[in-house]
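Novice: Residue numbers (the UniProt record's numbering): 1 to 120. Here's a structure for you.
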Amino acid sequence: MIPENLRYSRDHEWLTEGSPATVGVTAFAADALGDVVFVELPEPGTLVKAGDPCGEIESTKSVSEVYAPADGEITEVNVTLSDEPGLINTDPYGAGWLFKLRVTGDPELLDAAGYTALVS
Numbered sequence: 001m002i003p004e005n006l007r008y009s010r011d012h013e014w015l016t017e018g019s020p021a022t023v024g025v026t027a028f029a030a031d032a033l034g035d036v037v038f039v040e041l042p043e044p045g046t047l048v049k050a051g052d053p054c055g056e057i058e059s060t061k062s063v064s065e066v067y068a069p070a071d072g073e074i075t076e077v078n079v080t081l082s083d084e085p086g087l088i089n090t091d092p093y094g095a096g097w098l099f100k101l102r103v104t105g106d107p108e109l110l111d112a113a114g115y116t117a118l119v120s
C-alpha cells in the first residue's frame, strides 16, 4: 500500500511534507532490492540537489544508489540503519527512514496516485 500522506520521486524515494522532511525508499523499491544488508548515507550538513546520488543501499541482490528527492541540506541520518539495515525492508515508511532534509525550493514530486501509476 502506498501512503497517501507522502510525496514520491520517480527514483522511488518518499518525502514527508514540511522541513526538515523525512526521506526514505518506497516499499516497491525495498521489495525490488531484496534483503538489505548495508546502508551508506550522507553526513549531516551535506548539501544535495534533486536527482543526485547521495547514498547507497546494498542488498543480497545488488547495490543501488539513493537519490536526493529534493534540493536541500541533510540535517540528520537514521543511525539505527547501521546496525539494522533490514528495517528498510520491514518498515520502509517508518523505522526504515533514511535521512531528514531541510528542503529548499519546490521539488517536482508525485502524489500517491501519480506514484501508483508509475509503478503499476
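Think of the CB as a built atom: it goes at the ideal place given N, C-alpha and C, for glycine as much as any other residue.
Hey, could you find the ends of the alpha helix (DSSP H) Tyr-115 is sitting in?
Specialist: Unbroken alpha helix (DSSP H) run through Tyr-115: 112-119.
Novice: Assuming contact is defined by CB atoms lying nearer than 8 Å, are Asp-83 and Tyr-67 in contact in what I supplied?
Specialist: Not in contact: Asp-83 and Tyr-67 (Cβ atoms no closer than 8 Å).
Novice: Using the rule of at least 16 other Cβ atoms within 10 Å of the residue's Cβ for burial, across every protein chain shown, is Gly-55 buried or exposed?
Specialist: So Gly-55 ends up on the buried side.
Novice: Nearest to Thr-90 by alpha carbon, out of Gly-34, Ala-112 and Glu-73?
Specialist: Among Gly-34, Ala-112 and Glu-73, the Cα nearest to that of Thr-90 is on Gly-34.
Novice: In whole angstroms, what is the alpha-carbon distance linking Ser-9 and Lys-61?
Specialist: Near 22 Å, if we compare the C-alpha coordinates of Lys-61 and Ser-9.
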